[in-house]
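**Student:** In my numbering, the protein residues as written are 2 to 499. Ideal placement from N, C-alpha and C gives every residue a C-beta, glycine not left out. Just so you know, these numbers come straight off a predicted model, no measurement behind them. The structure is given below, and queries will be raised subsequently.
Okay, here's the thing in structure tokens:
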């Protein structure tokens, strides 16, 4: 038994010795040289011609193998000489086709780099036949404000696209009325433009050009806007090889301001709109004012698009800036006040003067933000459970001698008085002109004894003259004494200097 164990021990030590000998022999051998990697692409030849050529955005894919290691990186080249490192195995290239060329053969090179830093000595290469695609452009008319008539401040927005990628767009060409002349060139990044007449005294004018929402005009104007005539605005997009889209065109009638006075009809109720306009225009005419323009700010077509309202408040602001005097009447508080607040900044900045008649609804927030530009500080809210009511034959009584007393000719379910600022500011002073005999209606009816101002004015500190009169009751319902012409003479001529 002992002899058997000795045998196995000798055999075990013999195997260990053989193992050491074998290990020693391997370390003493010659190391194999590193083998270069190999690079591959999806194919080695692409045969495409004519319209089958690729667009100028090309996606390229590649991979590599290494028989004795792995591939951590690649180098790519567009000319076989200048190489760029990457760890990706695909990429999208936007190609610059030579100017005025329609096609181009794009040669792409790639070589794998193995984990020892050795590069494939035979890079993979493939030629992509590329064809440029023409861009496209279209007008964008957002919402319902796409006027067919406008005073000479207009704005258009567009979307330019290119099948070869947005980077391939180069510029936008704009033409006003005449496509045979030189285009007005705009950067491809511009997607909207405003054209504002520089001179409204003749039959045609140059226009200042504003891009986006900028209030700084570009150096060069656009020429050829026709006043009191239909104007055509043409657009087309051009790409980097000067391929151009088809022309897109829209038209608009440009009105020439007849004077420095504008009447804004913001009446939204169609069946009473004409009667209201007749009342206000007749009383304006009775003062001797004539030659003014009328803007139908609430008129819509069958599709709900406004006929004359500008596309946005900034453009409407530029329209109102053509005038020095505005008479505004409407029947919807939210609509009139929000529109006027956003679009009369330049008008008042240019020392404009305004008379606004907008009946204030009972459900309007007494601290509504759009009252900030008026002589109103806040609206008076009736006590809980009651409403204000202005009964037929109730009176509007002036605070100052020389103004006529006015009488209501109908029962008005909404009569909202307001307060004015307690003290003047550095720019303006405020005065109430009329109070109303308002009834407080609830479980019983009582005469309202609180603040009941319904007509007020704002005057500039610099001149001491009124520049804004605001009325919160419908004047077309206040002619019970047939003396409205006297009121208009006092308000428009004596106070506002229309």
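Within a Cβ cutoff of 7 Å, which residues of the same chain sit near residue 170, ignoring the five residues on either side of it in sequence?
**Tutor:** 136, 161, 163, 189, 238, 240
**Student:** If we ignore side chains and look at the alpha-carbon of each, how far apart do residue 295 and residue 261 end up?
**Tutor:** 11 Å
**Student:** Answer with buried or exposed for residue 283, where buried requires no fewer than 16 other C-beta atoms within 10 angstroms of its C-beta.
**Tutor:** exposed
**Student:** For a test of the three-state rule: what should DSSP assign to residue 496, helix, strand or coil?
**Tutor:** helix
**Student:** Per DSSP, which residues does residue 76 bridge with? Please list them.
**Tutor:** 86, 112
**Student:** Rounded to the nearest angstrom, what separates residue 310 and residue 210 at their Cα positions?
**Tutor:** 20 Å
**Student:** Assuming residue 379 contacts residue 420 under a Cβ cut-off of 8 Å, what Cβ separation, rounded to an integer in Å, is found between them?
**Tutor:** 5 Å
**Student:** For residue 159, tell me which candidate among 292, 41, 248 has the shortest Cα-Cα distance.
**Tutor:** 248
**Student:** Determine the DSSP secondary structure at residue 485, reduced to helix, strand or coil.
**Tutor:** helix
**Student:** By the three-class DSSP mapping on this structure, what secondary structure does residue 477 have?
**Tutor:** helix
**Student:** To which residues of the same chain is residue 324 closer than 6 Å at the C-beta, ignoring the five residues directly before and after it?
**Tutor:** 261, 263
**Student:** Quick check for students: name the residue ranges of the beta strand (DSSP E) that lie wholly in the stretch 294–321, counting only runs of 3 or more.
**Tutor:** 294–297
**Student:** Would you list the residues sitting across from residue 150 in a DSSP beta bridge?
**Tutor:** 254
**Student:** With burial defined as no fewer than 16 other Cβ atoms inside 10 Å of the residue's Cβ, what is the status of residue 494: buried or exposed?
**Tutor:** exposed
**Student:** Tell me the DSSP secondary structure of residue 219 in three-state form.
**Tutor:** coil
**Student:** Going by the CB atoms, is the gap between residue 236 and residue 505 shorter than 8 Å?
**Tutor:** Coverage of the chain is limited to positions 2 through 499, which leaves residue 505 absent and any answer about it impossible.
**Student:** Confirm, please, whether the CB-CB distance from residue 231 to residue 254 is below 8 Å.
**Tutor:** yes
**Student:** Which residues in the same chain have their Cβ closer than 7 Å to the Cβ of residue 178, if we skip the five residues on either side of it in sequence?
**Tutor:** 225, 227, 232, 233
**Student:** For the alpha helix (DSSP H) that contains residue 285, what are its first and last residues?
**Tutor:** 271–287 is the extent of the alpha helix (DSSP H) around residue 285.
**Student:** Could you tell me which of 244, 348, 358, 213 sits nearest to residue 477, measuring between CA atoms?
**Tutor:** 358
**Student:** Could you tell me the alpha carbon to alpha carbon distance between residue 204 and residue 191, rounded to whole angstroms?
**Tutor:** Note on geometry: alpha-carbon atoms of residue 204 and residue 191 lie some 29 Å from one another.
**Student:** Pick helix, strand or coil for residue 292, following the three-state DSSP scheme.
**Tutor:** Note: residue 292 maps to coil in three-state DSSP.
**Student:** Using DSSP bridges, identify the partner residues of residue 365.
**Tutor:** Residue 365 is bridged by DSSP to nothing; it lacks a bridge partner.
**Student:** Straight-line CA distance for residue 26 to residue 42?
**Tutor:** Note that residue 26 scores a pLDDT of 45, beneath 50, so its modelled location is shaky; the value from the coordinates is reported in the next line. Using only the alpha carbons, I get a separation of about 42 Å.
**Student:** Do the stretch 382–393 and the stretch 430–441 meet, that is, are 3 or more Cβ pairs less than 8 Å apart?
**Tutor:** yes
**Student:** Report yes if the CB atom of residue 471 is closer than 8 Å to the CB atom of residue 285, and no otherwise.
**Tutor:** no
**Student:** What distance in whole Å lies between the Cβ atoms of residue 72 and residue 113, which are believed to be in contact at a cut-off of 8 Å?
**Tutor:** 5 Å
**Student:** From what residue to what residue does the beta strand (DSSP E) around residue 431 run?
**Tutor:** 429–437
**Student:** Since residue 40 is in the beta strand (DSSP E), which residue starts that stretch and which ends it?
**Tutor:** 39–42
**Student:** As a quick exercise: from 373, 329, 318, 304, pick the residue whose alpha carbon is nearest that of residue 281.
**Tutor:** 329
**Student:** Opposite residue 36 in the DSSP bridges: which residues?
**Tutor:** DSSP output for residue 36 lists no bridge partner at all.
**Student:** Apart from the five residues on each side of it in sequence, which residues of its chain come closer than 6 Å, Cβ to Cβ, to residue 485?
**Tutor:** 284
**Student:** By the DSSP assignment, the beta strand (DSSP E) with residue 342 in it spans what residues?
**Tutor:** Not the beta strand (DSSP E): residue 342 falls in the alpha helix (DSSP H), residues 334–344.
**Student:** Excluding five sequence neighbours on each side, which residues of the same chain lie with their C-beta closer than 8 Å to the C-beta of residue 483?
**Tutor:** Contacts found: none.
**Student:** Specify, as a first and last residue, the run of the beta strand (DSSP E) that residue 211 falls within.
**Tutor:** Residues 205–212.
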